[in-house]
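In our numbering, the protein residues as written are 6 to 212. Each residue gets a CB set at the ideal place from its N, CA and C atoms; glycine is no exception. Below you'll find the structure, written out as structure tokens, and then a few comments.
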């Protein structure tokens, strides 16, 4: 009787231990997979990314720091500078921003945080700017300020142009001036102008 009891007890203890091991193993595997998803695939400092199409250089992205997540097809950048090139390989414009995002699948780029873009037509300032690799156009869905070479300023909400700042459209223009407009002080002016009936046309195009 005692031997039977000890045998049953041994079997029960063995089953409990094995079950405990399996449970810990499962949890460990899930935790490992979760951590693996959050670990950057690559990290780098003070280097560049070449963006090309059919062997032709379209842009060069310089960065101070980058983190890549291959699962998301995304590269997150700090201290960004981007050079854009035309079909003949000529440098046409330069963009700087505090941060940026690069999609490794579409090769689209976004500048974030005090974005400044300069070309031989003038200077564009905004807080967020996108570049579409397929169309090679840039656009923004937020407040923009364009300053021409003659120091004429045009401020509005929404923007689209070629990557050399030509064929530019500023949507919902709010102000036009023959002198520089302080970008940080224009929000109040916009609110006042919304109450006026003599608004400019919905869009203004510059060639």
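Any idea if residue i is buried or exposed, counting beta-carbon neighbours within 10 angstroms, 16 or more meaning buried?
i	result
residue 89	buried
residue 119	exposed
residue 126	buried
residue 63	buried
residue 169	buried
residue 110	exposed
residue 45	exposed
residue 94	exposed
Are residue i and residue j close, meaning C-beta to C-beta below 9 Å?
i	j	result
residue 121	residue 101	yes
residue 143	residue 132	no
residue 58	residue 112	yes
residue 61	residue 92	yes
residue 145	residue 124	no
Report the CB separation of residue i from residue j in whole angstroms; it is logged as a contact under 8 Å.
i	j	result
residue 129	residue 107	With a Cβ gap of about 20 Å, residue 129 and residue 107 do not count as contacting.
residue 65	residue 138	Not confirmed; about 13 Å, so no contact.
residue 114	residue 87	6 Å
residue 159	residue 178	6 Å
If you follow the beta strand (DSSP E) that residue i is part of, which residue opens it and which one closes it?
i	result
residue 103	96-108
residue 177	Per DSSP, residue 177 belongs to no beta strand (DSSP E) and is neither H nor E.
Using only alpha-carbon positions, find the residue among the options that is nearest to residue i.
i	options	result
residue 167	110, 60, 140 and 44	140
residue 48	93, 70, 54 and 175	70
residue 164	155, 156 and 136	136
residue 244	181, 110 and 67	Beyond the ends of the chain as shown, which are 6 and 212, falls residue 244; an answer cannot be given.
residue 134	104, 78 and 74	104
Against chain C, with Cβ distances strictly below 9 Å, would residue i count as a contact?
i	result
residue 63	Protein chains in the displayed structure number just one, and chain C is not present.
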